[in-house]
Every structure is written in C-alpha cells, then in structure tokens.
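Everything in the sequence shown is counted per the UniProt record's numbering, starting at 1 for the first residue and increasing by one.
C-beta atoms are modelled at their ideal positions from N, C-alpha and C, and glycine is treated no differently.
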Amino acid sequence: MEPSISSDDSSSQCNENVLDDVYEDDSWSSDSDNCMNSAKQTYLNDDNSSLSENENSLLFLANMGYPAEEASIAMERCGPEASFSELIDFMCAAQMAREEDVYLPEDEKPKLNSGGYKRKMYNELPVRKKQRAITDEEPIHLPRPMIGFGVPTESLPAIVQRTLPEQAIGPPFFYYENVALAPKGVWDTMSRFLYDVEPEFVDSKYFCATARKRGYIHNLPIEDRFPLLPLPPRTIHEAFPLTKKWWPSWDTRTKLNCLQTSIGSARLADRIRKAMKAMENFDGEPPLMVQKYVLDECRKWNLLWVGRNKASPLETDEFEMLMGFPRNHTRGGGISRTDRYKSLGNAFQVDTVAYHLSVLKDLYPNGINVLSLFSGIGGAEVALYRLGIPLNNVVSVEISEVNRNILRSWWEQTNQKGNLIDFNDIQQLNGDVLEQMIDSFGGFDLVIGGSPCNNLTGSNRVTRDGLEGKDSSLFYDYVRIVDLVKSIMSNRRV
C-alpha cells in the first residue's frame, strides 16, 4: 500500500475519508467463520494430510497471499483455537499499524525526569486538549440524498428557492468548495465568513460513476441550471464496459468511492489475486470472509476487475475521465505518474462544478473574467470552457509548479484567446495588486476556488485541526480576497 501523498500550501488539496457513503456496511452472518474454516478444511484434505495442523494452516494462509512469517506470528499470538477470520483480522491490523508508521515521525524519547521535558509538556497541554477536542468533534449532519439545490438526474420534491443576504448578492459572484465531511462547526464558520450564505452539499455520484461529497458556498443563481453534454457514464460498467466479463457476482458495486491522491499497490493486487486463486478449487463463490476481505480492499482503493481474479487500480486516463477532464490533461511535460494521481485527486469534479456554473453562460455571452484561487489543475477553467463561456482573463493562484504547468499546457492546447496570469503565492494578491488588475480589465466576474482541506478531512488523524490548521486556514485568504474584490469594485461603481 502506498502512503498518501503530502500536501502543498495554496493548493486545493484533500485526502478525504476513503470509504464514502457509497460503501454501505455489509451484514456478514455468523456463518462466515464456518465458511472460511470449511473451505480451509476442504483445501487441507486434498493433498496435505501428512502435514501438521499448524503447517496446514500456515500453508493455507500463504496460498491466500499472506507472508508465512506474518501468519506464523498471528497463529502464535491468537492461540491454537483462533478462527481464520481472527487470524486475518490480526494480520490486517498489524499491516495497517506498520503503514501508519510511514506517516508518523518517530517520537523523541527525552528523559522523563528532565525539567525541560516537564515544562514542555505543561506548556503544550492546552494545545493538546484543543487539538483533541477538535479531532473528536462529530462531522456536520449532511442531507440525504446529497443533491443540494438539485441535480440533473434526480427530481426534487418541491421547487427550491433561496434568498441571499444583501451583502452577498453578486456580481461579482463567488464560489467556494471544500470537503463536506468536515468537523462540526467548520461549515457554520465558513458560512458566517462568507456573508451567511447557506452551503450547498452535493455528491458527485449523481453526475458520474464516482462519489465525491463536497460543500459549496456561492452566490450564483440556482434557477435554469443545465448539465454538460454528453452526460458522463454514471455507473462502473457504463464507464468501463470491458470489466463486465470479469466482474464477480458478489461484487455489487455500481459506483466508485471518492478518488484519492494515491492508489493501491501492486502488492495489494497480487494478494487479492492469490486469495482468489486459492479459492478456485471450491465450487461456487468464495467463502464470505474472503469476499469481505476482497470487497473491502476493492472499495477502499477503487479497484476494477480487469481479468480472471485480477483486480487493478485505475489508470491515470481513467481517473481523468471520471473527474471530467479531457484525456491526457495531466500527461506530458515531465510530470510523473505519481504527480498525476496527486493532482487529479485534489481537483474539482468538472461535471458537478459545471452544472453550478452553467447559469453564467447567459449572463456573460461575450466572455468572463475569473479570479481562480488555489486553481489546482484548472477544474474551474475546464468547466467554463466546456460550457462554452469564453475566458477573457483568468488570474490563477496555485503554489504547485506541476499544477501550474498542467493548466498552462491546457490553455495553450485549447487555443485560448484570453489572458492567463498566474501567481504562486496567495499572499502576493494584496489590495494594490487587485486594484491594478481590476483597473486593467474592468473587474472580476467570478472568484472561484477551494482552499486545502488537509486539516478538515476525516482521513487525516494527525493534523485535523479544523480551520486553524496550517493548510485549511488559507480559507481566510479566500475570504480576504473576496472582500477586497467586492470592496474595490463597489468603489469603482460609485
């Protein structure tokens, strides 16, 4: 399993909880252990009767893909009466603990009687309590279904209307995205700082074949929206029809979970293959415990069945398609495969965002001026372009050179006629710089972006500090710039 990729400041980055709500908890009967043990017994009775019980058990686990050393330790620790599900759970827990060590630096080991150490612990106690309180907060209660003010594929029970606070009414329009599953109170705070506009929570599974739960605070109209055409495939088999041939009947997934910045390792794929192959001697489907193990990994890492007993992670071009980007959007220019996954995992889902932005097409038939904050690989720009809205001037702020190069390359490849101006640090956008740009091309029509969500997402157990975190506090820079743009443009109209 590959470690999650770390984040950069001023880049809209998230590593969301891997198991999204598409993953409904399966109910496994009490017969699961019996199925596994029965399968094991059948396997052992075939041609291994000369081996001891321990040796047979070790061989069975090894054929499922578990290292013999790990299996031996599990059998020793769990005892001779342990079921196979208990042994597998023990080995999986040990593997997860080792992988977690990749993310955590080694703790210093100061002398416990050191006065300096005691003073440090005393001084840090309030901070530790605060961090624990933030981490322990429950996430906000999210609507189900998560369709916001409407999606093109679902009908609403009633016509949705909203009234914006007077100070929020555009233009200029603003559009802010972040991970929906943030700690309790975070969305209330963000809403308060953005003129008390109610967030719109949407899951991208209503637009494409992958889930992506996001919240949006914006002052765009919500009437007369329309989707990008053609509509993208909305199920796994629609998106990847060749997988049908190999798809097990017990894998009931129709959607992928939220796409991450890293993918499952070759070692994981090999382990699944061996686990499945070890079951080929038995009639019918694999035992329930084998099914559960394989399904858990397939859901967690968004694996596809691409051959007999062969589960594989998504390729980068498949990733691009699911996220609504053109093929090879992230390819070329010396960009590594790892960086491509990282950039795509942190991007807007284009079809979802385009549906919200579609109301701008009639408002700006001659083109639009965009201030794009934490631009990433240009999801907002691609969405506007695919809607047929000319990009007259785009000012992009993005710290990642890789992402800036991807956006610049797309700009050139699509023969954009407007101007692309990029900054690598959001602190460069002060009042003087914004005034100069507003005077230069007449103001901004849209301020769009999503600050890094590393300190908000549920998968971050180390620095989930809410909006006070190093990365997520950049939200306040988004607010600062929206306020400045509105103020400067308001003064110009007087």
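Item                                                                                                      : Value
Own chain, CB closer than 7 Å to Trp247, minus 5 neighbours either side, in chain order                   : Trp305
Span of the alpha helix (DSSP H), counted from its first residue to its last, around Gly379               : 379 to 386
The segment 424 to 435 / the segment 475 to 485 touching (three or more Cβ pairs under 8 Å)               : yes
Range covered by the alpha helix (DSSP H) that runs through Trp305                                        : Per DSSP, Trp305 belongs to no alpha helix (DSSP H); it is in the beta strand (DSSP E), 304 to 307.
Straight-line Cα distance separating Asn54 from Tyr341                                                    : 43 Å
Inter-residue Cα distance where the pair is Tyr216 and Lys255                                             : 22 Å
Between the CA atoms of Pro326 and Lys292 - distance to the nearest angstrom                              : 35 Å
Delimiting residues of the alpha helix (DSSP H) encompassing Ser72                                        : 68 to 78
Per DSSP, the bridge partner or partners of Arg214                                                        : Val179, Val202
Counted within 10 angstroms of its Cβ, other Cβ atoms place Ser57 as buried (16 or more) or exposed       : buried
Leu295 beta carbon less than 9 Å from that of Asp251                                                      : yes
Unbroken alpha helix (DSSP H) run spanning Ile236, endpoints                                              : 236 to 239
Segments assigned alpha helix (DSSP H), at least 4 residues, entirely inside the segment 419 to 449       : 431 to 441
Glu297, DSSP secondary structure in three states                                                          : helix
Alpha carbon of Gly367 to alpha carbon of Pro390, nearest angstrom                                        : 4 Å
Residue of Val197, Pro172, Pro145 minimising C-alpha distance to Thr163                                   : Val197
Classification of Ile169 by the beta-carbon crowding that lies within 10 angstroms, buried from 16 upward : exposed
Span separating the alpha-carbon of residue 574 from that of Ala269                                       : Nothing about residue 574 can be reported from this structure: the residues present for the chain run from 1 to 494 only.
Cβ shell of Val370 (< 6 Å), same chain only, five flanking positions each side left out                   : Val394, Leu446
Span separating the alpha-carbon of Ile147 from that of Asn302                                            : 23 Å
Buried/exposed call for Val160, threshold 16 Cβ in 10 Å                                                   : exposed
Assigned exposure category for Asp351 - 16 Cβ within 10 Å defines buried                                  : buried
C-beta atoms of His218 and Tyr176 nearer than 9 Å                                                         : yes
Beta-ladder partner(s) of Asn393, from DSSP                                                               : Asn369, Asn419
Close Cβ partners of Arg212 (< 6 Å) along its chain, the five nearest in sequence each way excluded       : Ser204, Cys258, Gln349
Rounded distance between the beta-carbons of Leu373 and Tyr478, thought under 8 Å                         : 6 Å
Residues near Phe226 by beta carbon distance below 7 Å, same chain, minus five either side                : Ser358
For Arg386 and Tyr206, the rounded distance between their alpha carbons                                   : 19 Å
Residues bridged to Ser312 [DSSP beta-bridge criterion]                                                   : Leu304
Minimum C-alpha distance to Gly442 - residue among Leu61, Arg492, Asn430, Ser400                          : Arg492
Cβ pair Leu420, Leu407 closer than 9 Å                                                                    : yes
Top-ranked residue by Cα proximity to Val151, from Ala354, Glu81, Pro365, Gly418                          : Ala354
Straight-line gap, Tyr66 to Arg234 (C-alpha atoms, nearest Å)                                             : 36 Å
Phe193 (DSSP reduced to helix, strand or coil)                                                            : helix
One or two residues paired with Val151 in a DSSP bridge                                                   : Glu154
Separation of Asn403 from Gly334, as counted between CA atoms                                             : 12 Å
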